[in-house]
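In full-length UniProt numbering, the protein residues as written are 1 to 144. Yeah, the Cβ is synthetic: ideal placement off N, Cα and C, and Gly gets one too. Scroll down for the structure; my scribbles are underneath it.
Next up, the structure:
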């Protein structure tokens, strides 16, 4: 197994993102982890994602709400992200299970898991109920 970090400098100092390309058993894939705080220019994120060509998994706290992935409401940014997602080669793995629970016990789906559409039939995804003392629930993905 070998891999390297894909570095993309962002113009937004609030964007936290890491991408690692891994080669294992003659299969190359990319894993991306992202934290996109409220107010982030989602176009920067979409631009980087559009450069990813291999089998890709994207995991992150996007801070976006939309009924498509289990949110109660949508925002202009989440509508824009969904439009981009529908035109991209990525698919969303989330079910409507909450991924974030506040101290007041309200829940939302702001942590999203995406994969290249070509992987969609090879993966299984679920939200674990083990909190690890965080307000975010882990999303577990199995790839066969």
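Using a Cβ-Cβ cut-off of 6 Å (strictly less than) and excluding sequence neighbours within five positions of residue i, which residues of its own chain qualify?
i           : result
residue 125 : 93, 113, 141
residue 146 : Any property of residue 146 remains undetermined from this structure, which presents the chain solely from 1 to 144.
residue 31  : 20, 57
residue 73  : 65
residue 120 : 91
By how many angstroms is the C-alpha of residue j removed from the C-alpha of residue i?
i           : j          : result
residue 145 : residue 62 : Here the chain comprises residues numbered 1 to 144, so residue 145 is not present and cannot be evaluated.
residue 116 : residue 85 : 11 Å
residue 89  : residue 44 : 17 Å
residue 17  : residue 27 : 23 Å
residue 15  : residue 60 : 11 Å
residue 46  : residue 81 : 8 Å
Start and end of the alpha helix (DSSP H) containing residue i?
i          : result
residue 85 : 76-87
residue 43 : 42-50
Should residue i and residue j be called a contact, given that it needs their Cβ atoms to be closer than 8 Å?
i          : j          : result
residue 58 : residue 99 : no
On the DSSP letters alone, give me the boundaries of the beta strand (DSSP E) that residue i sits inside.
i           : result
residue 103 : Note, residue 103: premise wrong, no beta strand (DSSP E); not H, not E.
residue 125 : 123-127
residue 68  : Segment: none, residue 68 is in no beta strand (DSSP E) and carries neither H nor E.
residue 60  : 55-61
residue 22  : 16-24
Among the residues of its own chain, which have a CB less than 7 Å from the CB of residue i, if the five just before and after it don't count?
i           : result
residue 122 : 143, 144
residue 107 : 98, 100, 101
Under a Cβ-count criterion, where at least 16 other Cβ atoms within 10 Å of its own Cβ denotes burial, should residue i be classed as buried or exposed?
i           : result
residue 135 : exposed
residue 38  : exposed
residue 50  : exposed
residue 111 : buried
residue 53  : exposed
Tell me which same chain residues have a C-beta within less than 8 Å of the C-beta of residue i, skipping the five on either side of it?
i           : result
residue 132 : 138
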